[in-house]
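Colleague: First residue of the sequence shown: 1452, per my numbering; consecutive thereafter.
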Amino acid sequence: MTLTALELEDMLETTRRFVTKRLVPLEQEIDDQAEVDPDVWRSLIAESVELGLYSANVPEHLGGPGLSIYEQTRLWEEFGATTWPLTYVLARPHRILFECTEMQREKYLDPVLSGEREQCFALTEPGSGSDNGAMRTRATKVPGGYRITGSKHFITFGSADFAIVFAVTGPPAEGRRTPQVTAFLVDKGTPGYVIGGRQRMMGWHALDERELFFEDCFVPDEQVLGEPGQGLRLALASVAQRRLQMAGYAVGAMERLVSLSTEFAKLRVVFDEPIAQKQGIRWMLADMAVEPYVARAAVYDATRLCDEGRAAGLSDRELATTFGKQISIAKLYATTALNRVADQAVQIHGGMGFSREYPVERLYRDARGLRIVEGTDEVHREIISKHLV
Ligand SMILES: Cc1cc2nc3c(=O)[nH]c(=O)nc-3n(C[C@H](O)[C@H](O)[C@H](O)COP(=O)(O)OP(=O)(O)OC[C@H]3O[C@@H](n4cnc5c(N)ncnc54)[C@H](O)[C@@H]3O)c2cc1C
1452 MTLTALELED MLETTRRFVT KRLVPLEQEI DDQAEVDPDV WRSLIAESVE LGLYSANVPE
1512 HLGGPGLSIY EQTRLWEEFG ATTWPLTYVL ARPHRILFEC TEMQREKYLD PVLSGEREQC
1572 FALTEPGSGS DNGAMRTRAT KVPGGYRITG SKHFITFGSA DFAIVFAVTG PPAEGRRTPQ
1632 VTAFLVDKGT PGYVIGGRQR MMGWHALDER ELFFEDCFVP DEQVLGEPGQ GLRLALASVA
1692 QRRLQMAGYA VGAMERLVSL STEFAKLRVV FDEPIAQKQG IRWMLADMAV EPYVARAAVY
1752 DATRLCDEGR AAGLSDRELA TTFGKQISIA KLYATTALNR VADQAVQIHG GMGFSREYPV
1812 ERLYRDARGL RIVEGTDEVH REIISKHLV
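1) Need the endpoints of the alpha helix (DSSP H) that K1837 sits in, please.
2) According to the Cβ coordinates, are A1611 and E1569 closer than 9 Å?
3) Using a Cβ-Cβ cut-off of 7 Å (strictly less than) and excluding sequence neighbours within five positions of G1647, which residues of its own chain qualify?
4) Any heavy atom of ligand 1 inside 8 Å of the beta-carbon of D1752?
5) Cβ atoms of V1632 and V1619: under 9 Å apart, would you say?
6) Do T1524 and A1698 count as a contact pair if the criterion is CB distance below 9 Å?
7) Considering only C-alpha positions, which residue in the set E1742, V1500 and A1771 is nearest to T1787?
8) Cα separation between I1835 and A1762?
9) Would you check if there are 3 or more beta carbon pairs closer than 8 Å linking the stretch 1717-1727 to the stretch 1551-1567?
10) Please indicate yes or no: does the CB of I1606 lie closer than 8 Å to some heavy atom of ligand 1?
11) Excluding the 5 residues preceding and the 5 following A1497 in the sequence, name in chain order all residues of the same chain whose CB lies nearer than 8 Å to its CB.
12) Suppose only complete runs of 3+ residues qualify. What are the beta strand (DSSP E) ranges in the stretch 1505-1565, listed by chain order?
13) Under the criterion of a Cβ to heavy atom distance below 8 Å, does K1776 qualify as lining ligand 1?
14) Output the distance between the C-alpha atoms of L1841 and G1760, rounded to the nearest integer angstrom.
15) Is A1818 closer than 9 Å to G1654 when the C-beta atoms are compared?
16) Among M1586, T1641 and D1490, whose alpha-carbon lies nearest the alpha-carbon of P1630?
17) Does the Cβ-Cβ distance between R1589 and T1607 come in under 9 Å?
18) If you draw a straight line from the C-alpha of Q1650 to the C-alpha of H1604, how long is it?
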């Protein structure tokens, strides 16, 4: 289903209200306290479910709104008006859960859609991040299931109700470099599944980042997600949407920084006049305004290609490979531009920009993480250059 222009405008307006009235007022407190109060979090999820935002990425046949990638990206742009950790109430079910069997759907996907259960996505390990194929966590076949041994780190929402865990289940297939990897659904409380301590980050303080340990942890066959050996291919299926969502968010975040900096420059008087009167500052504002405009064009173009690809019958994994160059350009450009804009915003705010009293300090720290997750800058340059040569 594609929304009419009016329906999309309505949905964007609802999203804008939710972001500005409910999320933005929480930003400072959750960053200072490095957590969101669990009751507040539950109520935000309930509101997001009610507004249709929580499962905004879910197709109609699984109970979602079936939005196009472009429409989803527009929602992410609206969420750019708030801090990254609070975006976890938008489009929350991980794409890989769409592979659930009927039985798994009842226990995992449906409770995530309704906000009753939290999930986490556990792929990265201390020794394998960009190169997932180097993962060491292993799942050995035993009667009735698998035994998982290994560890993961930097897992967002690591203490969630269940984890989607990736583990090596076999050597590389003929002619392949990466081993066979299988995805598993592992419930919190399963013997041998240990949730480690918090890992503190430069920004996104409110996010629950954890190490996870698997010590001979038994997982029954019915908790294999998708086909055995297809874990990395399934993970790839989410790449197109996740990267474009993040790029859309970056566009919105840049608009916020331009607006905060413009307002500040009009009010801040230095050497007898507002700094907005000074050409050095005005040109900085102009350079900042160029970035979201250009990034938006790249992001919308990539979303258009993906939507056309979908309409032509391409699977999500095929979208990620066919339009990998454009998706990577959009993600790389939007997130690096956001970092440039955040740096200029701090500069325009002077000492106030470095002070925790003003939001630009936090937005500057927030921006940095976006160049690392969902593919680092260098990974995207690799993808773009592979398409070229
Ligand atoms: C806040 C936060 C939340 C996260 N949440 C999750 C989560 O929920 N689940 C999850 O599974 N993971 C998560 N991650 C992990 C994240 O996906 C990885 O950090 C990311 O993929 C990079 O991997 P790495 O940290 O191991 O860096 P590395 O892969 O070790 O990279 C180190 C450096 O080498 C560069 N590099 C890598 N490959 C190349 C290349 N081919 N050419 C040139 N340079 C290269 C990188 O760009 C980087 O500069 C999270 C990370 C952070 C910081």
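The C-beta atom is built at its ideal place from N, Cα and C for all residues, glycine as well.
Modeller: Taking the coordinates as given:
1) D1828 to L1839
2) yes
3) Same-chain partners within the cutoff: R1661, E1662, L1663 and F1664.
4) no
5) yes
6) yes
7) E1742
8) 24 Å
9) no
10) yes
11) G1566
12) none
13) No, the Cβ of K1776 stays beyond 8 Å of every heavy atom of ligand 1.
14) Past the edges of the chain, shown from 1452 to 1840, lies residue 1841, and the structure says nothing about it.
15) In terms of Cβ geometry, G1654 and A1818 form a close pair [threshold 9 Å].
16) Among M1586, T1641 and D1490, the Cα nearest to that of P1630 is on M1586.
17) Cβ distance not < 9 Å, so R1589 and T1607 don't count as in contact.
18) 8 Å
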